[in-house]
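Written out below as structure tokens is the structure these notes cover.
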Amino acid sequence: MTNYKELGLKVGLEIHIQLDTSHKLFCNCPTKLVEEAPEDKFVRELRPARSELGEVDEAALLEWKKGVKYLYHAPRPSSCLVEADEEPPHEINREALVTALAVAKALNMYIVDEIHVMRKIVIDGSNTSGFQRTSIIALDGYLYDGDKRIGIQTLCLEEDAARKLSQGKGFIEYKLDRLGIPLIEIATAPDINDPDEAERVAFKIGQLVRLTGKAKRGLGTIRQDLNVSIKGGEKIEIKGVQHLYLISKVVAYEALRQKTLLEIREELHKRGLKPEDLSYDFKDVTEIFRETKSKIIRRAVKSKNSGVYAVVLKGFKGLLGREVQPGRRFGTELADYARVWGGVGGIFHTDELPAYGITQEEVDKLYEVLNADKERDAIVLVADKRDKALKALEAVVRRAKMAFEGVPPETRAANPDGTTKYMRPRPGSARMYPETDIPPVLVNDELLSEAEKLVPEPFDKKMKRYVEEYGLSKDLAITVLNDLRLDLFEALVEKYRGRVSPTLIASTITNTLKMLKGEGVPIENIDDRHIDETIGLIARGEIAKEAIPEVLAYLARKPEASAEEAAKALGLTRISVDELEKIIDEAIKNNWEKIKQRPHKAFNIVMGTVMAKVRGKIDGKTVAKLVRDKLNSVLE
Ligand SMILES: [Zn+2]
């Protein structure tokens with residue numbers, strides 16, 4: 054177990070949640086993503102004037118210099134001239150504003166008097182205008198995680214970016230349906246000190262926004278960025294964590310990465326090395342690989358203007374093979390820089406050679422030609438076009454020099470397995486400009502009292518209501534209060550009032566899904582519709598409650614099916630009491646010998662046989678009662 058306190062772990066969260074408002078933040082288009090729809094297409098080359106760039110980072114500038122073109126798909130049902138940046142934005146969406154104010158109140162924040170829309174420069178083409186519109190709604194609040202108070206720094210209301218469809222040589226394609234969907238962005242203070250706590254706080258914030266009834270649901274509607282540092286490390290920005298359950302892993306892996314990078318720094322000092330020992334001295338070593346068996350290298354050897362280029366990392370032997378995160382080595386960190394800055398596919402380094410078709414003989418030759426020390430030095434190779442390869446090697450040396458400082462300040466992207474990869478240097482705080490097309494909004498009493506209606510009921514009140522009004526056990530009430538689908542629970546209790554007990558709804562949403570997960574059922578496929586429809590079957594008496602797990606398991610594997618289809622396919626349609634009686638009579642007859650020998654076991658014997666046939670088709674209590682009655686009469 055890692056001691057995160059000793060490591061000095063600090064985590065801040067930045068959570069973005071899409072709002073399910075009737076229209077977008079600055080126009081009247083619906084907030085719906087569309088797959089197949091008539092669309093217009095247009096190409097732009099965003100190149101804002103230099104002076105407007107502010108502190109835009111170098112990697113982005115590099116993109117521009119390459120002359121990337123942006124191809125926009127504008128689906129007609131979900132975009133208009135505002136998304137195309139042909140028409141000024143309309144005034145800010147009031148429904149979104151009221152929701153943001155409600156969340157700010159629930160987070161005990163200080164609400165600003167006047168809301169100003171600002172422009173934040175974006176450089177990747179994800180907004181047709183070249184900037185994202187954002188506005189600060191509230192500051193300086195808090196929430197509690199157990200007894201611990203977690204600061205909330207800011208709550209902003211902003212427009213979502215366009216959806217990236219694909220990226221190719223010199224172009225990026227975007228779809229404009231997502232552009233302009235309102236997002237609430239909540240940033241916590243770096244008050245979080247362990248990975249599980251980070252996940253809990255993110256969860257609480259997500260749940261709170263959902264309880265306003267105005268949050269969108271499903272994959273991609275909530276995105277988390279994390280700021281993670283340890284003592285002696287650096288604040289690292291991690292972008293795009295898509296699942297709540299990945300947060301603790303991402304934090305733990307980042308803490309591990311920083312710890313390992315600090316250990317590598319120690320090792321470099323111990324070896325008596327200095328950054329000046331590394332030189333930008335690149336050699337063309339193509340000749341060594343004329344007859345190589347490595348496919349990638351052979352391709353480079355044979356193409357025009359391409360070759361194999363190498364650099365010596367003096368004293369680095371063994372460090373490139375050092376694991377910094379599961380499955381990622383220090384060499385992988387160098388390779389990330391080579392990819393981003395040189396646009397190459399990757400690097401080879403001697404800590405992992407011979408391999409990939411590169412022989413020991415070729416490695417020996419490398420050391421000889423480069424005049425390097427086999428016991429002490431590492432060599433990095435790039436096989437590609439000369440100009441790309443040299444840029445890549447330059448980035449590799451630059452990154453290797455940073456190892457003497459420990460953890461370089463970076464923006465990283467989350468991988469699906471919880472590890473992260475380098476995206477770009479960490480930018481300075483983005484410069485903002487006032488959006489002159491949109492007048493400021495005064496936060497008046499009318500707005501605030503509208504917001505008040507959306508503020509979620511405090512949890513202690515909910516708890517009391519669930520136990521006293523709904524008859525939930527205290528344990529179940531706590532479980533459902535800690536479930537992300539709490540809003541669904543409340544909606545279904547309302548919808549099926551008087552027909553399905555709140556206890557059954559709560560335990561379906563929490564315990565049943567948890568049990569199915571334990572059985573390996575892909576419950577991430579189960580959405581609100583599936584649960585709603587399944588509870589609907591119960592309400593109409595079409596299935597017994599024992600059938601719920603089976604129906605949901607079926608739907609998890611075939612998410613496009615309806616609950617009704619699932620019940621039919623599983624043969625779970627209810628049977629009548631008459632039919633049940635027949636099945637019980639038959640079971641008694643077939644087991645008569647056993648029953649006579651062991652009458653005290655009769656109930657178990659018959660019940661087992663009958664339930665095997667009727668499970669899910671009729672309520673278990675009804676079966677038990679009837680079996681007992683029948684046995685009593687025949688045994689007398
Ligand atoms: Zn629009």
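Residues 54 to 689 in the numbering used here are what the sequence shown spells out, letter by letter. All residues carry an ideal CB built from backbone N, CA and C; glycine is no exception.
Got a sec: does ligand 1 put a non-hydrogen atom nearer than 7 Å to the Cβ of residue i?
{"i": "Cys-209", "result": "no"}
So, are the CB atoms of residue i and residue j less than 8 Å apart?
{"i": "Ala-90", "j": "Pro-141", "result": "no"}
{"i": "Met-485", "j": "Arg-172", "result": "yes"}
{"i": "Thr-265", "j": "Pro-509", "result": "yes"}
{"i": "Leu-373", "j": "Gly-384", "result": "yes"}
{"i": "Tyr-390", "j": "Arg-451", "result": "yes"}
{"i": "Ile-491", "j": "Val-170", "result": "yes"}
{"i": "Ile-648", "j": "Val-667", "result": "no"}
{"i": "Gly-285", "j": "Gly-459", "result": "yes"}
{"i": "Pro-243", "j": "Asn-280", "result": "yes"}
{"i": "Lys-302", "j": "Asp-73", "result": "no"}
{"i": "Glu-603", "j": "Thr-626", "result": "no"}
{"i": "Glu-226", "j": "Leu-86", "result": "no"}
{"i": "Ala-363", "j": "Val-433", "result": "yes"}
{"i": "Asp-430", "j": "Lys-370", "result": "yes"}
{"i": "Val-121", "j": "Phe-184", "result": "no"}
{"i": "Ala-251", "j": "Leu-208", "result": "no"}
{"i": "Ile-628", "j": "Ala-609", "result": "no"}
{"i": "Val-151", "j": "Leu-507", "result": "yes"}
{"i": "Lys-514", "j": "Val-520", "result": "no"}
{"i": "Ile-203", "j": "Tyr-195", "result": "yes"}
{"i": "Arg-465", "j": "Glu-290", "result": "yes"}
{"i": "Leu-623", "j": "Ile-671", "result": "no"}
{"i": "Thr-345", "j": "Val-354", "result": "yes"}
Cα-Cα, which of the options is closest to residue i?
{"i": "Gly-396", "options": "Asn-358, Ala-448, Val-304, Lys-348", "result": "Ala-448"}
{"i": "Glu-572", "options": "Ala-606, Gly-410, Pro-83, Glu-319", "result": "Ala-606"}
{"i": "Leu-423", "options": "Ile-341, Asn-246, Val-175", "result": "Ile-341"}
{"i": "Leu-557", "options": "Gly-524, Leu-534, His-296", "result": "Gly-524"}
{"i": "Ile-658", "options": "Ala-456, Glu-547, Ala-640, Lys-674", "result": "Ala-640"}
{"i": "Ala-240", "options": "Pro-248, Tyr-227, Val-165, Ala-157", "result": "Ala-157"}
{"i": "Val-759", "options": "Met-568, Leu-566, Asn-564, Gly-589", "result": "Outside the shown range of the chain, which is 54 to 689, sits residue 759, and nothing can be said about it."}
{"i": "Asp-581", "options": "Ala-592, Met-54, Lys-257, Leu-541", "result": "Leu-541"}
{"i": "Leu-261", "options": "Ser-686, Arg-610, Asn-564, Asp-536", "result": "Asp-536"}
{"i": "Ser-356", "options": "Ala-436, Glu-646, Glu-320", "result": "Ala-436"}
{"i": "Thr-472", "options": "Ala-620, Ile-300, Ala-445, Pro-612", "result": "Ile-300"}
{"i": "Asn-685", "options": "Met-664, Gly-673, Gly-661, Lys-654", "result": "Lys-654"}
{"i": "Ile-168", "options": "Leu-160, Asp-177, Asn-146", "result": "Asn-146"}
{"i": "Pro-382", "options": "Arg-392, Gly-368, Asp-404", "result": "As written in the sequence, residue 382 is Arg, which differs from the Pro given in the question. Looking at the Cα atoms, Asp-404 is the closest of the given residues."}
{"i": "Phe-457", "options": "His-322, Val-338, Tyr-306", "result": "His-322"}
{"i": "Gln-71", "options": "Ile-237, Thr-412, Leu-688", "result": "Ile-237"}
{"i": "Leu-272", "options": "His-296, Ile-245, Leu-500", "result": "His-296"}
{"i": "Pro-235", "options": "Thr-565, Glu-148, Gly-221", "result": "Glu-148"}
What three-state label does DSSP hand residue i in the structure shown?
{"i": "Ala-677", "result": "helix"}
{"i": "Ser-686", "result": "helix"}
{"i": "Lys-474", "result": "strand"}
{"i": "Lys-700", "result": "For residue 700 there is no data in the structure shown, the boundaries of the chain being 54 and 689."}
{"i": "Gly-204", "result": "strand"}
{"i": "Ser-526", "result": "coil"}
{"i": "His-69", "result": "strand"}
{"i": "Glu-290", "result": "strand"}
{"i": "Lys-77", "result": "coil"}
{"i": "Arg-518", "result": "helix"}
{"i": "Asn-280", "result": "strand"}
{"i": "Met-660", "result": "helix"}
{"i": "Ser-554", "result": "coil"}
{"i": "Leu-106", "result": "Low confidence applies here, because Leu-106 scores a pLDDT of 47, under 50, leaving its location unreliable and the question unanswered by this model."}
{"i": "His-126", "result": "strand"}
{"i": "Glu-447", "result": "helix"}
{"i": "Tyr-362", "result": "strand"}
{"i": "Thr-265", "result": "coil"}
{"i": "Gln-311", "result": "helix"}
{"i": "Lys-346", "result": "coil"}
{"i": "Val-91", "result": "One point to set straight first is that residue 91 is Pro, not Val, in the sequence displayed. Residue state, collapsed to three classes: coil."}
{"i": "Thr-274", "result": "coil"}
{"i": "Gln-295", "result": "coil"}
Report yes if the C-beta of residue i is less than 7 Å from at least one heavy atom of ligand 3; otherwise report no.
{"i": "Gly-285", "result": "In the structure on display, ligand 3 does not appear, and the ligands it does have are ligand 1."}
Quiz item: In chain order, what residues have a CB nearer than 7 Å to some heavy atom of ligand 1?
Solution: Lys-77, Cys-80, Asn-81, Cys-82, Ser-132, Cys-133, Val-135, Glu-136, Gly-233
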